[in-house]
Amino acid sequence: MYLKSLHLNRFRNYRDREVQFDAQKTIVVGNNAQGKSNLLEAVELLATLKSHRTSRDRDLVRDGDEIARVSATVKRSYGETDMAITLRKQGRRVVTRNSENLRRQMDFLGAINAVQFSSLDLDLVRGSPDTRRSWVDGLLIQLEPVYAYILQQYNNVLRQRNALLKKIRNLEENPPSRELTAQLALWDAQLAAHGSRVTRRRARVLERLAPIAQSWHQQISGETEVLEIKYAPNVARSQDDPEQVQQAFLEKIQQRRVAEQNLGTTVVGPHRDEVDLIINHTPARSYGSQGQQRTLVLALKLAELKLIEEVIGEPPLLLLDDVLAELDPNRQNQLLEAIQDRFQTIITTTHIHSFDDQWLQNSQILTVEAGEIHPFVPNI
Amino acid sequence: MIEQLQKLPGVGPKTAQRLALHILNRSEDEVQGIAQALIDAKKQVGFCQTCFHLSAQSTCEICRNRDRDSSTICVVSDSRDVIALEKTREYDGKYHVLGGVISPMDGIGPEQLHIQPLVRRASTPEVREVILAISPSVEGETTTLYLGQLLKPFTKVTRIAFGLPMGGDLEYADEVTLARALEGRRELD
Ligand SMILES: Nc1ncnc2c1ncn2[C@@H]1O[C@H](COP(=O)(O)OP(=O)(O)OP(=O)(O)O)[C@@H](O)[C@H]1O
Ligand SMILES: [Mg+2]
């Protein structure tokens, strides 16, 4: 796929800018706080309807404005598509595809696919389980857009069930009335039904991702290290059968019944999943140097690229936010070889010469200053 | 006035302004007429004592209509759903409006909905089928599950089985989809 143009209107610090992409690689140069990451964030938003920097639309609308609009034209093997998102300081967002308003956000997803790699991604190794869960979820949303809906439904069940558990706890009737117990049983069933959908999909995607990541990791680390990615679901499953997984949920809910009612919150379900990253039988977080952890993240990102390409049949976009300069020349080379000319890549950096010159060949170079974008003019 | 109008569903600042200008351009009599109609409707329209649909009388037109099949009851969450289903002209049974769906977050449990009167209606020998036509949101599904268990001992319970837009409200479903959904209902297990 190829992102032909991107139009940012009242988005973050952009007043009104349109960018035409005219090479497989685009390098965006600018000082700190000029709008480089904002530009990539707009592409991320088109690909996932989410930003990893904020969950509130009002942060995305330019200060002093009410409405922001991000639009793009993307070329796919089946033709060209115009995508647009309208964001409001207050109120709901509107998404359109070829100027047609879409009632379900799900129908917007899948037209643009992107893998983002920034220095924040080191959190995949060092951060809390939450970081890894959202990473897997973000990938799943791109591979099967219906997952966005599945996840939203699960979170809805979770909020409703937590409200009921809190009510039961606060009533301090022990044991709770028959009526409340019956109601809770309904939400148990919903948690099991929706939770098992989330769990099964996460297991499936990690199963496919793990061998690809492992082989990249071996290649980059020079075959000295072995990476394992292990899904550790909160509700363990012995086989991938919907009935069996739901049954496992109900059993675990039964076991944790007292704890849940005392805490007034749901402790069973995929919102407590973990993804273990293991290098040479040691948890990656306590293994090795920053450089080694960076190798791991690079392997994960390359695996994402390949998996998306495999599933959707077209190479997705690669967004490199400030990371290239952090990789040593050897890893820069590996990355360059891996993406070749197949993956359209947008690279941000503060200094044009902070990475190997071969990245500049055949690249489009742009500068960003205070939300304005211009072609790069080298100082002579 | 613009502020008041904006409180109406579907009315944003621009529409509110347009409505306000329109009203200001009418004669005082006309405006009086509109205002009176609003107040009259509010004073007169209450709920049908049988099915809880909006009604100016204690029994609504649908419940009073002897040509309609009173052996089937279609259960919906809202009066808007009755209006949507009526537009399809595919259904000639009776209705029951719950007045919402189970939602612990909003403090709505079964006690807050018109469920007891539904059980009473369903347990009369005259009623042979209850159709659950509640939107397939998480809360709607939970309500459907609850009603299924509750009503099964009394009568056959079916649900609208397919075709409803995911996560959408019944009122948005287009009429063809609704008509098809009514045909495709299946028994609850
Ligand atoms: N809603 C908004 N309205 C106006 N300006 C905003 C808004 N949100 C963020 N900004 C501004 O955007 C700038 C940050 O842009 P961005 O994160 O893209 O920087 P960057 O070019 O990636 O810098 P760095 O090199 O430090 O990563 C900041 O100056 C911030 O104040
Ligand atoms: Mg940045």
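So the sequence lines, in the order shown, correspond to chains A and B.
FYI, my numbering numbers position 159 of the first sequence as 1465, with every residue one higher than the one before it.
FYI, my numbering numbers position 27 of the second sequence as 44, with every residue one higher than the one before it.
For glycine and all other residues, C-beta sits at the position ideal for the given N, C-alpha and C.
Model, not experiment: these values are computed from the prediction.
Contacts between asparagine 1462(A) and chain B, judged by CB atoms closer than 7 Å, involve Val155 in chain order. Contact annotation: isoleucine 1535(A) and valine 1603(A) have beta-carbon atoms that are not nearer than 8 Å.
DSSP places valine 1532(A) outside any alpha helix (DSSP H), giving it a letter other than H or E. In terms of CA proximity to isoleucine 1652(A), Ala1420(A) leads the group Gln1396(A), Arg1368(A), Arg1382(A) and Ala1420(A).
Between valine 155(B) and glutamine 1459(A), the gap from beta carbon to beta carbon is short of 8 Å. Annotated three-state conformation of threonine 1656(A) is coil, per DSSP. Judged by DSSP in its simplified three-state form, valine 1421(A) adopts strand. Only those residues of the region 1462-1477 of chain A whose C-beta falls short of 9 Å from the nearest C-beta of chain B are listed: Asn1462, Val1463, Arg1465, Gln1466, Arg1467, Asn1468, Ala1469, Leu1470, Leu1471, Lys1472 and Lys1473. For threonine 159(B), the neighbours in chain A by C-beta distance under 8 Å run, in chain order, Gln1466, Leu1492, Trp1493 and Gln1496.
Interface residue (Cβ-Cβ distance to chain B less than 8 Å): glutamine 1489(A) is classified as such. For histidine 113(B), the enclosing beta strand (DSSP E) covers residues 111-114. Methionine 18(B) has no beta-bridge partner at all, per DSSP.
For leucine 162(B), the residues of chain A that pass the 9 Å Cβ criterion are Leu1492, Ala1495 and Gln1496, in the order they occur in the chain.
Where aspartate 1494(A) is concerned, the enclosing alpha helix (DSSP H) starts and stops at 1484-1526. An exposed status is given to glutamate 1406(A), since fewer than 16 other beta-carbon atoms sit within 10 Å of its beta-carbon.
Here the alpha carbons of aspartate 1388(A) and alanine 1353(A) stand approximately 13 Å from one another. Within chain B, the C-beta atoms nearer than 7 Å to that of glutamine 1459(A) come from Val155, in chain order. For tyrosine 1308(A), the enclosing beta strand (DSSP E) starts and ends at 1308-1315. Within 7 Å of the C-beta of arginine 1394(A) there is not a single heavy atom belonging to ligand 1. Nearest Cα to glutamate 146(B) within the set Arg97(B), Lys111(B) and Ser120(B): Lys111(B).
When C-alpha distances from glutamine 1567(A) are compared across Asn1468(A), Glu1643(A) and Leu1611(A), the shortest belongs to Asn1468(A). As for any beta strand (DSSP E) of minimum length 3 sitting wholly inside the region 1398-1479 of chain A, the runs are 1400-1403, 1406-1408 and 1420-1424, ordered along the chain. For ligand 1, a non-hydrogen atom lies closer than 7 Å to the CB of alanine 1339(A). Closer than 8 Å to the CB of proline 134(B) there is not a single CB belonging to chain A.
Inter-segment contact for the region 28-37 of chain B and the region 1341-1358 of chain A is absent: fewer than three beta-carbon pairs are separated by less than 8 Å. Per DSSP, the beta-bridge partners of glutamate 1580(A) are Ala1538(A).
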